[in-house]
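For the sequence shown, the numbering used here assigns the number 562 to the initial residue and increments by one for each residue that follows.
Data first, discussion second: the structure below is written as structure tokens.
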Amino acid sequence: MEVEGTDFDPLTEEGQVDINDEEFDAWTQGAETDPLIYDAALENKYGSRWKSFKAALNRMWQSKNRGSPVPEYLELQNIDEQGATARETVEWATQELRMRYPNFEVDDIRLTERGNKVLISVRDMRYPDANRWTKPQLLFDDSGSVKVNVARLRGFKEATRSDLERLKTLNERVALERRAEGLQETLEEREADYMRQNQLLADAQKRELDDKNQLIVQMREQRDKALRDRDQAQRAFELALRDLDMSKEEAKNLHITIAGSLEERRQLVAEINAKEGQLRQMAQTIEDLERNIAEKREIINDQTRPEEEREAAQKEAETLQKPEAHVGVAVRTNANAAYYQLLS
Numbered sequence: 562m563e564v565e566g567t568d569f570d571p572l573t574e575e576g577q578v579d580i581n582d583e584e585f586d587a588w589t590q591g592a593e594t595d596p597l598i599y600d601a602a603l604e605n606k607y608g609s610r611w612k613s614f615k616a617a618l619n620r621m622w623q624s625k626n627r628g629s630p631v632p633e634y635l636e637l638q639n640i641d642e643q644g645a646t647a648r649e650t651v652e653w654a655t656q657e658l659r660m661r662y663p664n665f666e667v668d669d670i671r672l673t674e675r676g677n678k679v680l681i682s683v684r685d686m687r688y689p690d691a692n693r694w695t696k697p698q699l700l701f702d703d704s705g706s707v708k709v710n711v712a713r714l715r716g717f718k719e720a721t722r723s724d725l726e727r728l729k730t731l732n733e734r735v736a737l738e739r740r741a742e743g744l745q746e747t748l749e750e751r752e753a754d755y756m757r758q759n760q761l762l763a764d765a766q767k768r769e770l771d772d773k774n775q776l777i778v779q780m781r782e783q784r785d786k787a788l789r790d791r792d793q794a795q796r797a798f799e800l801a802l803r804d805l806d807m808s809k810e811e812a813k814n815l816h817i818t819i820a821g822s823l824e825e826r827r828q829l830v831a832e833i834n835a836k837e838g839q840l841r842q843m844a845q846t847i848e849d850l851e852r853n854i855a856e857k858r859e860i861i862n863d864q865t866r867p868e869e870e871r872e873a874a875q876k877e878a879e880t881l882q883k884p885e886a887h888v889g890v891a892v893r894t895n896a897n898a899a900y901y902q903l904l905s
């Protein structure tokens, strides 16, 4: 703790005094309750400083018994040290803080006096690694309590908490630092993995682009080759026309004639194929007739069969033999016609 601007009260010989709990108990428990006798006892004990001592007892009573009225024998209205009643000192403020906060750490605050008031400055915890302090402000309010805005300061809480709380906070900070380090390592690993995946993707895209470029080159080569073949065929055709001494109109007519001949040939081939199908059907029909006739002849030649059955078989055979000749002639006639048409 740092003390700046200590100013002694000009109404006392050595400034205000500080008392301990034993002295306070001795002068407040079973003490003479008559103010005049009480003041005389103080003056007899402390001499010219008895007023400062009574003022200190008055302040400590208010600190220990908040909300309770001050006993008449401790009231200060009948003494000349009214200024001492309202005056705050660094020593008194330090004693108050130690009494209210058993784990109070004096090195973590700075107390200064300004007029009759004590101002406090604490470490600025927004910058824990820098030796920075908050702006000085009033420590106590008019009722003698620590001001709410001071009690809320992180630096004030740090200065008044227990060693166990300090250790807990330190452990939490270490845990947070370790977690931060772990997260940093994880982030670096994720970043490295991202870079690898990104590189793999870039390589795959490059290979795909190379393959597409190669395909484009191949297609262009095929297109160029087709154009060259077309041009060569066109030149060969033009040379053939010159050799035949044909005009373009004659060449066009020749194209038409050739195309017509090819179409007629395709139609004739289709007709021949149809006729061949008919021939196959007729041939199958003839085979069936011949097989039936042969069966009937077997019956006719079988002497063991009844005469009626043999005569019936003879009639059926004669009937079957009649269309055979007509069918054979028709088949041969149609086939010959198609053949001669193809030759023509």
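Every residue gets a Cβ at the ideal spot worked out from N, C-alpha and C, and that includes glycine.
In the three-state DSSP reduction, VAL631 falls in the coil class, being neither helix nor strand.
When secondary structure is reduced to three states using DSSP, LEU637 falls in the coil class, being assigned neither helix nor strand. The beta-carbon distance between THR650 and GLU633, rounded to whole angstroms, is 25 Å. This is too long to meet the 8 Å contact definition.
Looking at the DSSP output, LEU680 shares a beta bridge with THR673 and LEU699. Selection PHE701, LEU761 and ALA831 evaluated against TRP653 yields PHE701 as nearest (Cα-Cα). For TRP588, the uninterrupted alpha helix (DSSP H) run begins and ends at 582 to 589, by DSSP. The criterion of a C-beta distance shorter than 8 Å is satisfied by PHE585 and LEU618. The residue among ALA794, ILE833, LYS883 and MET660 with its C-alpha nearest the C-alpha of THR721 is MET660.
In the DSSP assignment, TRP694 is bridged to ARG684. Fewer than three Cβ pairs drawn from the region 830 to 840 and the region 848 to 863 lie within less than 8 Å of each other, which leaves the two stretches out of contact. Membership of THR655 in the alpha helix (DSSP H) is indicated by the continuous run 651 to 661. By the CB criterion at 8 Å, LEU637 and ALA616 fall inside the cutoff.
Taking the C-beta atoms as reference points, GLY716 is found nearer than 8 Å to ARG684. The continuous alpha helix (DSSP H) containing ASP600 extends over residues 596 to 607.
Contact check for MET686 against GLU738 fails: the beta carbons are separated by 8 Å or more. LEU748 has its alpha-carbon roughly 37 Å from the corresponding atom of ASP669. According to the DSSP secondary-structure assignment, VAL707 is paired through a beta bridge with PHE701.
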